[in-house]
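Comments concern the structure below.
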Amino acid sequence: MKSVLVLNGPNLGRLGSREPEIYGAVTYAELVSLMSKTGSELGLEVETRQTNSEAELIDWIHAAVDSGTDVVLNPAAFTHYSYALRDAAAMVTKGGLKLIEVHLSNPHTREEFRHTSVISGVATGVIAGFGVQSYVLALRQLAS
Ligand code: DQA
């Protein structure tokens with residue numbers, strides 16, 4: 297069975313209570329269940345993780361490269377400025393694996409600083425603005 301890592305950056309562990317008018321009412325625990333349920337339906341083995349640490353996120357991406365695992369990544373605020381995360385993401389796609397950048401909100405409709413993603417240029421594709429469905433769509437794409 298094909299494996300997929302769903303990785304979430306800073307503050308996403310607070311999903312459900314953090315600015316629900318922007319990020320929705322689904323909790324992080326519910327996102328984790330939704331990912332495993334969707335994975336089972338699609339025949340994917342999905343593991344979902346969240347960290348507030350840039351270093352940990354980069355280590356997880358290195359491990360994905362080493363194990364040949366596709367990645368769904370919500371880099372959260374790191375999206376907008378982390379060149380270190382971009383370099384790690386580039387290792388995934390340049391190594392022939394897929395990395396789909398996802399966002400719950402559509403950053404382009406929000407503050408100016410959110411309009412730039414330093415990750416998109418090395419991602420396989422980007423899905424934004426559909427709440428937790430952004431993640432479901434990314435899994436569907438990886439399964440297809
Ligand atoms: C986000 C958008 C980012 O700008 C923000 O910093 C986040 C979440 C999203 O999923 O909409 O933490 O990545």
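Per the numbering used here, the very first residue in the sequence shown carries number 297; after that it's consecutive.
Heads up, the beta-carbon is just placed ideally off N, CA and C, and yes, glycines get one too.
If you're wondering where the values come from, they're calculated on a predicted model, not measured in any experiment.
query = Taking just the CA atoms, how far does T344 sit from M331?
reply = 7 angstroms
ask   = Using a Cβ-Cβ cut-off of 7 angstroms (strictly less than) and excluding sequence neighbours within five positions of L433, which residues of its own chain qualify?
value = I423, F426
Where L301 sits in the DSSP three-state scheme = strand
Neighbourhood of A373 by C-beta distance below 8 angstroms, restricted to the same chain and skipping five residues each side = G305, P306, N307
key: Neighbourhood of G339 by C-beta distance below 7 angstroms, restricted to the same chain and skipping five residues each side   = M297, A439
request  = Would you grab the beta carbon distance between S378 and E352 for me? Rounded to a whole angstrom, and I think it's under 8 angstroms.
outcome  = Not quite, the Cβ-Cβ distance comes to about 13 angstroms (not below 8 angstroms), so this is no contact.
message = Looking at the secondary structure, which residues open and close the alpha helix (DSSP H) in which E317 lies?
response = 316 to 319
task = Give the range of the alpha helix (DSSP H) segment to which G335 is assigned.
result = 324 to 338
task = May I have the straight-line CA-CA distance separating A380 from S401, to the nearest angstrom?
result = 23 angstroms
task = Could you check which residue in H358, N370, V418 has the C-alpha nearest to that of L435?
result = N370
request  = Say yes only if the C-beta of L435 is nearer than 6 angstroms to one or more non-hydrogen atoms of the ligand DQA, and no if none qualify.
outcome  = no
ask   = Taking the alpha-carbon positions, what's the V328 to Y431 distance?
value = 11 angstroms
message = Using only the alpha-carbon positions, how far apart do E317 and A385 sit?
response = 29 angstroms
inquiry  = Is the separation between the beta-carbon of G392 and that of V361 shorter than 7 angstroms?
reply    = no
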